[in-house]
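Visitor: The structure under discussion is supplied below as structure tokens; questions concerning it will follow.
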Amino acid sequence: MTTTKLNANKRKLAVKVFNRHYANEDNILKTEYYNQRKKFDNLIENAHLTTQNIINRNFDSKDVDQQRSLDKTYTLQNVREDACFFLKSDKEIKKTNYQGNTYSDYPEKQFSFELFGRLDNYGGKNPNRFAFAYYHDYLKQKGLTPECYVLKGDKKENPHHTQLIDNCKNELGGSKYNNDGENTTSLAKEWYNKYKLSVIGGRS
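For the sequence shown, this note's numbering gives the first residue as 7, with consecutive numbering after it.
Structure representation (structure tokens):
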């Protein structure tokens with residue numbers, strides 16, 4: 007029993023030393039991480055610019071300003087800020103229904119520019135992973151564990167792992183953040199403010 011515990015402690019120490027080396031020393035993995043992050047920054051900026059052009063075509067700035075003025079006068083909320091959009095393709099796709107009739111379809115996808123975005127955006131099914139990876143250095147400086155999912159591996163959920171996730175998520179504003187302005191100093195809120203666009207009514 008003592009030998010097993012000793013070996014386990016040695017493995018933990020070896021992992022810490024390995025992690026410390028790759029976190030603090032220049033190496034190929036660290037370089038690739040920053041390259042991929044820079045590539046993502048370019049991709050999201052281009053994607054947002056394209057989305058902005060689409061939104062502007064659908065919601066003329068003069069109409070938005072006029073509606074915003076009416077909202078203020080009559081206490082309405084027809085103009086809203088959003089960073090998550092449903093966009094429909096302008097390319098027609100012919101499909102056949104269960105009755106054998108052909109119809110035209112224009113595929114629609116959701117694009118989220120929020121830090122903790124979901125579905126078909128960069129966050130995927132577990133947006134925590136993206137947020138923790140993108141702000142890895144920031145979270146480490148705060149004494150947190152952004153690599154919590156890697157450390158967990160295939161093990162079952164446990165209170166310790168859940169706490170590590172919650173600590174990182176809270177630090178980034180993923181738990182408290184919402185579009186109504188709560189926790190306005192959070193990185194999640196800053197991310198939202200950077201990519202939000204004005205739309206009129208419901209889905210854009």
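Cβ atoms here follow ideal geometry from the backbone N, Cα and C, with glycine treated the same way.
Rounded to the nearest angstrom, what separates ASP47 and SER204 at their Cα positions?
Guide: Rounded to whole angstroms, ASP47 to SER204 spans 22 Å at the Cα level.
Visitor: Starting from the C-beta of LEU267, find all residues in its chain whose C-beta is less than 7 Å away, skip the five residues before and the five after it, and write them out in chain order.
Guide: This structure leaves residue 267 out entirely; the chain is present only between 7 and 210.
Visitor: Anyone know if the C-beta pair for LEU60 and LEU35 falls short of 8 Å?
Guide: Note that residue 60 is Ile in the sequence shown here, rather than Leu. Cβ distance not < 8 Å, so ILE60 and LEU35 don't count as in contact.
Visitor: So if DSSP puts GLN116 in a beta bridge, which residue, or which two residues, is it bridged to?
Guide: Note: GLN116 sits in a beta bridge opposite PHE92.
Visitor: Where does GLY123 fall in DSSP's three states?
Guide: Three-state result, GLY123: coil.
Visitor: Return the chain-ordered list of same chain residues with a C-beta closer than 8 Å to the C-beta of ASN152, the five sequence neighbours on each side being excluded.
Guide: In the sequence as presented, Asn is not what sits at residue 152; that position holds Pro. Same-chain partners within the cutoff: PHE138, ALA139, TYR141, HIS142, LEU145, LYS146, CYS174.
Visitor: For LYS2, which residues of its own chain have a beta-carbon under 8 Å away from its beta-carbon, when the five flanking residues on both sides are left out?
Guide: Nothing in the structure corresponds to residue 2, since the chain is present only between 7 and 210.
Visitor: Could you tell me which residues DSSP puts in a beta bridge with ASP111?
Guide: Answer is ILE99, bridged to ASP111.
Visitor: Using C-beta distances below 6 Å, list every residue in its chain close to GLN72, excluding the 5 sequence neighbours before and after it, in chain order.
Guide: Taken in chain order, the list of residues that qualify is empty.
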